[in-house]
Amino acid sequence: MSNWVRKKYGLYIGGKDKVGDVVDHTPPVLEVITEDFVSGGMDMPIPMDMGMSPMSTSWTMGEDTDTLRLFGLPTGKKVTVFVRGLLMDDESGETREVIEEYRGILTKIDRGTYSPNSSAPYTYEMKLSYYRYAVNDEDIHEIDPKNMIRKIDGFDQLAAARKALGK
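Laid out in structure tokens, this is it:
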């Protein structure tokens, strides 16, 4: 088991500092879509990479008018969210800086349930058109579907496809 723990994190939403405002955050699930392939002589199917599933992220925070204003921005405008965090090795005390960058559309606001004299956290959901995950300024993942980029640990898995299409 890894001893690296995300000790602290904060979101910057649409250029505004929301560190300390966010109750929780769910990062995007990265999933490669596969299709099984089997031909004569093969004992079992093997998976073929057929692209990626759509990505989304969500977070919970209070009734934040800056964030509410970003809901359903017009075509051509994207919301940018940065998640900055601190990873710490629980045994050695070593730390690493983590930055996640999301671009996309704020598509859902769930206002939860109101009750007297209690906080009513909102859940915000964003569909992504760009994702980047970096540790200590080193990109681990960069996924940019529109520009046909899927870099994993510095290797661009779609470079040959871009070249074949003249991009």
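Quick note on our numbering: the sequence shown kicks off at 221 and runs consecutively. Positions of the beta carbon are idealized from the N, C-alpha and C atoms, including for glycine.
For residue i versus residue j, is the C-beta distance shorter than 8 Å?
i, j, result
"histidine 361", "valine 303", "no"
"tyrosine 351", "proline 274", "no"
"glycine 234", "aspartate 286", "yes"
So the candidates are the options; which of them puts its Cα closest to the Cα of residue i?
i, options, result
"threonine 254", "Asp376, Asp241, Met268", "Met268"
"glycine 386", "Ser312, Lys228, Ala354, Met368", "Met368"
"alanine 340", "Asp330, Glu317, Thr277, Ile233", "Asp330"
"threonine 295", "Val225, Thr333, Tyr229, Thr327", "Thr327"
"serine 278", "Leu231, Ser259, Lys227", "Leu231"
"aspartate 237", "Arg370, Asp284, Glu251, Val225", "Asp284"
"methionine 281", "Ser312, Asn337, Val243, Ala384", "Val243"
"arginine 226", "Val252, Asp309, Leu250", "Asp309"
"arginine 370", "Lys228, Val252, Thr300", "Val252"
"lysine 228", "Pro336, Arg316, Lys297, Ser349", "Arg316"
"glycine 305", "Glu311, Tyr353, Pro265", "Tyr353"
Rounded to whole angstroms, what is the Cα-Cα separation between residue i and residue j?
i, j, result
"arginine 382", "phenylalanine 375", "14 Å"
"asparagine 223", "glutamate 314", "10 Å"
"asparagine 356", "aspartate 241", "24 Å"
"isoleucine 325", "proline 365", "15 Å"
"alanine 379", "tyrosine 334", "50 Å"
"aspartate 373", "threonine 300", "22 Å"
"aspartate 359", "glycine 271", "20 Å"
"leucine 250", "serine 338", "35 Å"
"tyrosine 344", "isoleucine 363", "22 Å"
"methionine 264", "tyrosine 342", "47 Å"
"alanine 384", "methionine 262", "30 Å"
"leucine 307", "valine 239", "16 Å"
"aspartate 256", "glutamate 311", "42 Å"
"glutamine 377", "proline 336", "52 Å"
If residue i sits next to residue j, beta carbons under 8 Å apart, how far is it from one beta carbon to the other, in whole angstroms?
i, j, result
"lysine 347", "serine 276", "5 Å"
"lysine 298", "serine 349", "6 Å"
At a cut of 8 Å, does the stretch 282 to 290 reach the stretch 302 to 321 through at least three beta carbon pairs? Verdict: no, contact absent.
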